[in-house]
Amino acid sequence: MKQHPDVYFVVNDEDFSHPLLEVRSVDQCGTMPDVLQPGLRAATRVTWGAGRVPAEPPRHQMGSTVLKRLLVCASEVDVQMAVVHAAQPLELMVVATATSSEARRRADSADFQGAVITFSNLLDPDREVRALVGALAPGPVVLLAAADQVERALELLKHGVRDVIAFPASSAMLRHRLARCFDAAPRGAAGDGGARPTVARDHGLLGDSAPMRAVRQRIEKLASTDLPVAIYGESGTGKELAATMIHAASRRRNGPLVVANCAAMPETLFENELFGHERGSYTGAMSTSGGLIEEAAGGTLVLDEIGELPLMLQAKLLRLVQFSTYRRVGGSKHLQAHVRIIAVTNRDLREASEQQLFRRDLYYRINVLHVSLPPLRQHIEDLPALAQDIADRFCRAHGLAPVTFAADALELLMLHRWPGNVRELESIIQSTLALDYGQVIGARHIELGLDRDLPPSRTHVGLEWDLSLGFADGKQKLLEQFERAYLVQALERSAGNVAAAARDARIDRKTMWRLLRKYGLDADEFRAPGELHH
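For the sequence shown, our numbering gives the first residue as 9, with consecutive numbering after it.
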């Protein structure tokens, strides 16, 4: 059974220690947690024996990795537990204390790689922070602050504090910020011992949700081959970032990455741009010139928006994809293309091929391997970490002081349906930061009319009633509005998987199918592009 790091508590000046697997509850006195540990049944009450924790806690190892030790200072046990759960996947061993004086004593007497401290625990913030930063250097010191304390806490950045996190925060947000400060990555994100690079999180596809972990794992596998890859996803989901990740983790990573925007190329120039031309092939062709294929030699060629290519131009791509050969405009010799092809689209190419809008033979050639990126609404739990990452990059690029998001701001953002996905989120956050509302972004700072220039989400159903209907008829109408809105959201969350939607709704599949027929909903319409027939 996988062990979690040890957790050391200081409660009422008494030390208690126990290797935790999962904390069930803590009674008010804070001295007798219910834990689940090896060899004991769930919810077994375990009394922690009193005794002094050694000044130099044992170094725990996972395999051959020595765990970094993180000092946590928080008087509330639930705050300590929040940090413990966020730190577990990062291979950080947590030593928790209840007072700043105890934290300073431990920082002076033992080897820690950093600290997380609640701002409310600091009696003299400037003096205590300077002392802790000095004792823990070069390890980072991170502050957790309530919304009304964040601005004061941010002033301590001048004393060497690495980050200030508005708390309460989601576990995903906390883990993301700790990983960045401690240069850590979740267990399982490491590669295969150096044979080739792994998919790096800093390329932009962030998120610890199940859908995003699955995407990164699939990209890791796709990167190991030289076969063509098709990347599907709605606009703004990060398809080009996925292509970059595949290239960076492949054997071609030291070669160029060239992007050809198929939708932006005029038909008359497409061949010339992609294949190049021979001298004299047309008026003005004074010398031979290579195209994007030659520019990408030894690397990766990304065909962005390939679904927008006219059929005539699709035919010219077929030989390149099928045989890795091509001819320059005006040339007679077939040249070898030393590139890997990645095709990117927001269309369902299988459906387009059935409608004779996309060549079926080309579809089969580029769809050898494929990956679909989920829309933001299907991994909305990643939004806090994404929002903070966007804000951090914007502030660094424009020389601004770091900002953080208040809980009500994140709640507002997570209620939105995001038809424009991460690109829309980036636009909203950048426009908010450009107005310089200070270092704490609250809900009042974010444009409430998020949808005014966007098509309405199909889940946006106004629950309105007409008094002329009477109570019974009005109630029935509201019930039907609720049922349809609920079904649509369930299908969106499950990406059109009816069985999963039924499980989430806690109804049987027969009932789910009956309700879908009642409201004329087609589960296939909720599946990501490219997934319908794969």
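Every residue, glycine too, gets a C-beta built ideally from N, C-alpha and C.
- Between residue 184 and residue 484, the C-beta gap is not smaller than 8 angstroms, which leaves the two residues out of contact.
- Residue 494 carries a helical assignment under DSSP once its states are collapsed to helix, strand and coil.
- Per the DSSP secondary-structure output, residue 240 pairs in a beta bridge with 353, 380.
- Counting C-beta pairs closer than 8 angstroms gives fewer than three between the region 245–256 and the region 295–304, which falls short of the contact rule.
- Taking all protein chains shown into account, residue 520 has 16 or more neighbouring C-beta atoms within 10 Å of its C-beta and is therefore buried.
- Residue state for residue 342 is assigned as coil, using DSSP reduced to three classes.
- DSSP places residue 374 in the uninterrupted alpha helix (DSSP H) bounded by 368–374.
- Residue range 100–105 is occupied by the beta strand (DSSP E) that includes residue 101.
- For residue 525, the uninterrupted alpha helix (DSSP H) run begins and ends at 517–526, by DSSP.
- Non-local beta-carbon contacts of residue 136 in its own chain, meaning distances under 6 angstroms to residues more than five positions away in sequence, involve 108, 130 in chain order.
- When DSSP states are grouped into helix, strand and coil, residue 126 belongs to the strand group.
- Contact between residue 148 and residue 376 does not hold, since the beta-carbon distance rounds to 44 angstroms and is not under 8 angstroms.
- Exclusion of the five residues before and after residue 510 leaves 517, 520 as the residues of its chain whose Cβ lies within less than 6 angstroms of its Cβ.
- Boundaries for residue 296: no beta strand (DSSP E) harbours it, and the DSSP string shows neither H nor E there.
- Under the three-state reduction of DSSP, residue 284 is assigned to strand.
- Secondary-structure assignment with DSSP links residue 76 through a beta bridge to 100.
- Scanning 156, 318, 112 for the CA closest to the CA of residue 138 turns up 112.
- DSSP places residue 190 in the coil class of the three-state scheme, outside both helix and strand.
- Spanning the alpha carbons of residue 319 and residue 221 requires a straight line of approximately 36 angstroms.
- The beta carbon of residue 387 sits closer than 7 angstroms to the beta carbons of 215, 217, 219, 220 from its chain, once the five residues preceding and following it are set aside; these are given in chain order.
- Secondary structure of residue 262 (DSSP, three-state): coil.
- A contact is defined here as three or more CB-CB pairs under 8 angstroms, and the region 321–341 meets this definition with respect to the region 277–286.
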